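Numbering (the numbering used here), first residue to last: 136 to 298.
Note that the Cβ used here is the ideal one computed from N, Cα and C, for glycine as well.
Owing to the predicted nature of the structure, the values given are computational and were not obtained by experimental measurement.
For reference, the structure is listed below as structure tokens.
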Amino acid sequence: MHKAQWILNKIYPLDALVRQCDIWRMKGQKIVFTNGCFDILHHGHLDYLAKAADMGNVLIVGVNSDDSVRRLKGKDRPITNEKDRAFQLASLLCVDAVCQFNEDTPLELIQALKPDFLVKGGDYTTDKIVGASFVMSYNGKVETVPFVQGYSTSSIIDNIKKL
């Protein structure tokens, strides 16, 4: 299989990803879920995703659709379109699956996938993490990963505007 096809095969529609999660669970693998816009992929994102992946056997990344990003971040975002963002995330060795969602939050995705671990960045507290109470209801774990200081998509955009 060509590498580009291998990457594309890691981008799932929700129904297929639910079936794949069942297969991973039957194999005894622990599923980690995180989500975000991942508009301009940077060092902070990569560190965060690698640390999230270390919490289990399979890392699934929910990525906001373009419409969802616009509603959350404003009319000038995203910089990178949803297909490209999904492809970039799927190309990472630490990411096993990518699934896009159009809602403002990943709650429906989390409820469908039922991950063993729900992971967000260090700017969140458990009570503010969407889906945390659902994951904890079946004894799943909710974790946060500290930020790598000095990295953000907004700061990258600001630096580009200064050029």
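Counting C-beta neighbours from all protein chains within 10 Å, is the total for residue i 16 or more, i.e. buried, or is it exposed?
| i | result |
| --- | --- |
| serine 289 | exposed |
| histidine 180 | buried |
| serine 203 | buried |
| methionine 227 | Looking at the sequence shown, residue 227 is not methionine but leucine. Buried: at least 16 other Cβ atoms inside 10 Å. |
| proline 148 | exposed |
Given residue i, which residues of its chain have a CB within under 6 angstroms of its CB, disregarding the five upstream and five downstream residues?
| i | result |
| --- | --- |
| asparagine 118 | The question about residue 118 has no answer, for the chain in this structure spans 136 to 298. |
| histidine 177 | Tyr286 |
Could you tell me the alpha carbon to alpha carbon distance between residue i and residue j, rounded to whole angstroms?
| i | j | result |
| --- | --- | --- |
| isoleucine 292 | proline 250 | 33 angstroms |
| valine 254 | valine 280 | 7 angstroms |
| lysine 296 | glycine 171 | 23 angstroms |
| aspartate 258 | valine 283 | 11 angstroms |
| lysine 210 | glycine 163 | 43 angstroms |
Within a Cβ cutoff of 7 angstroms, which residues of the same chain sit near residue i, ignoring the five residues on either side of it in sequence?
| i | result |
| --- | --- |
| valine 277 | Leu253, Thr261, Ile264, Ala267, Val270 and Met271 |
* May I ask you to verify whether the segment 183 to 199 touches the segment 266 to 275, counting CB pairs closer than 8 angstroms and requiring at least 3? => Under the three-pair Cβ rule at 8 angstroms, the segment 183 to 199 does not count as touching the segment 266 to 275.
* Cβ contact check for the segment 211 to 220 and the segment 239 to 247: 3 or more pairs under 8 angstroms -> no
* Asked: In chain order, which alpha helix (DSSP H) runs of at least 4 residues are fully inside the segment 251 to 289?
  -> 267 to 272
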